[in-house]
Amino acid sequence: MSITRRGLGAASLALPGLIAAGRARAQAPWPSRAVRIIVPYTPGGVSDITARLLSDPLATAWGQPVPVENRAGADGVIGTEAVARSPADGYTLGLVSVGHPVNAAFYRLPFDTMRDFTFVTQTTSTPLVLCAPRAFAPNTPAELVDYAKRNPGVTFAGTGGVVRLAPVLFAQRTGITLEYVPYRGSTQAHPDLMANRVNIMFDTVPAALPHIQSGALKAIATTGARRSAQLPDVPTIGESFLPGFEASTWGMIIAPANLPAPVLAKLNTDIRAALQNATVVDRHKTLGAEIVSNSPDEMRAFVQAEMEKWGAAARAAGIQPQ
13 MSITRRGLGA
23 ASLALPGLIA
33 AGRARAQAPW
43 PSRAVRIIVP
53 YTPGGVSDIT
63 ARLLSDPLAT
73 AWGQPVPVEN
83 RAGADGVIGT
93 EAVARSPADG
103 YTLGLVSVGH
113 PVNAAFYRLP
123 FDTMRDFTFV
133 TQTTSTPLVL
143 CAPRAFAPNT
153 PAELVDYAKR
163 NPGVTFAGTG
173 GVVRLAPVLF
183 AQRTGITLEY
193 VPYRGSTQAH
203 PDLMANRVNI
213 MFDTVPAALP
223 HIQSGALKAI
233 ATTGARRSAQ
243 LPDVPTIGES
253 FLPGFEASTW
263 GMIIAPANLP
273 APVLAKLNTD
283 IRAALQNATV
293 VDRHKTLGAE
303 IVSNSPDEMR
313 AFVQAEMEKW
323 GAAARAAGIQ
333 PQ
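Numbering (my numbering), first residue to last: 13 to 334.
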């Protein structure tokens, strides 16, 4: 095959233009199109609400649509895998919960919890509440521990994830034994809890709050680093009995691994700003969730610590990844 002088000259003239166009595309400011947020859970939960609340201020900041896509299934694994398998270009994000590190204790995952993701920022933190029926004698964590030592067979209602593992962590750190009674969800557990057929539950504040307010359940303590805004008179386990104890549900924004540093920096800055939007803050207060944000490095360290904490609790409970 031969190349004519005329053809070679035309190609050489066109080449700088092609290079310039390529550079322009490569250097196009991010974002230049829609940025989707995958929520790996069903609509209506805190993660879904957070994503939808962030969508508007982020769309305004970026001048691009920010659609929210629910991909539920397998306790969040299906949607989270979709994030991991997406291009690392900043156009696919995920909003996941504490289930991200906890799932590693329960399942053989199709991705690596740490290596396959970029951690952008935390979004929320929601404490659990240690609650019990009115007829159950203990009223404080210390009384619960003393009671459990004198009365073997204290039971706890567990659903999944951190609600299942928080009582195990508490038992580990206090030297007591608690017996697990499984339930599909809080709605199924609450009637037995109120009737004292099961003794205690570490439930999310939003789920338990109506029954606490009605007097059907009592709040023994909460599990966050600070008192819950919805239960301000209820002390935390950490302040009243067991320093350093914390067991919260939380949310965070993730992206595929190897996200370009400039894109990550902009995502972190803009999402943290959006989290301070008055509508976002006020709506989360009604959910019992505190707005929390941090740097990518802080988020990665936090996820690693959570993975180790809940993994140890799962092993203590005899749970093996399936």
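Yeah, the Cβ is synthetic: ideal placement off N, Cα and C, and Gly gets one too.
Bounding residues of the alpha helix (DSSP H) (the contiguous stretch that carries I283)
273 to 287
Would you mind reading off the limits of the alpha helix (DSSP H) that contains L156?
153 to 162
For R83 and V51, what's the separation of their Cα atoms in angstroms?
6 Å
Meets three-Cβ-pair contact criterion under 8 Å: the segment 108 to 126 and the segment 316 to 329
yes
Using CA atoms only, rank isn't needed, just tell me which of R64, L70, V304 is closest to W42.
L70
Less than 7 Å between C-beta atoms, sequence neighbours within five positions excluded: which residues of the same chain meet that for A33?
Model confidence at A33 stands at a pLDDT of 41, short of 50, so the residue's coordinates are unreliable; what they give is reported in the following sentence. Cβ neighbours of A33 beyond the five flanking positions: none.
According to DSSP, which residues form a beta bridge with M264?
V108, Q134
For G57, which option in A73, G88, W74 has the closest C-alpha, if you only look at C-alpha atoms?
G88
Would the segment 169 to 181 and the segment 213 to 220 be scored as touching if the rule is three or more Cβ pairs under 8 Å?
yes
Taking Cβ to Cβ, would you say S260 is nearer than 7 Å to P139?
yes
DSSP three-state assignment for A36, whether helix, strand or coil:
Because A36 carries a pLDDT of 42, less than 50, the predicted location of this residue cannot be relied on, and no value is offered for it.
Excluding the five sequence neighbours on either side, which residues of its own chain have a C-beta within less than 7 Å of the C-beta of A269, listed in chain order?
A100, R127, D128, F129, T130
Measuring CB to CB, does T62 end up less than 7 Å from G263?
yes
Just list the residues that DSSP pairs N208 with in beta bridges.
BP columns for N208 are empty, so no partner.
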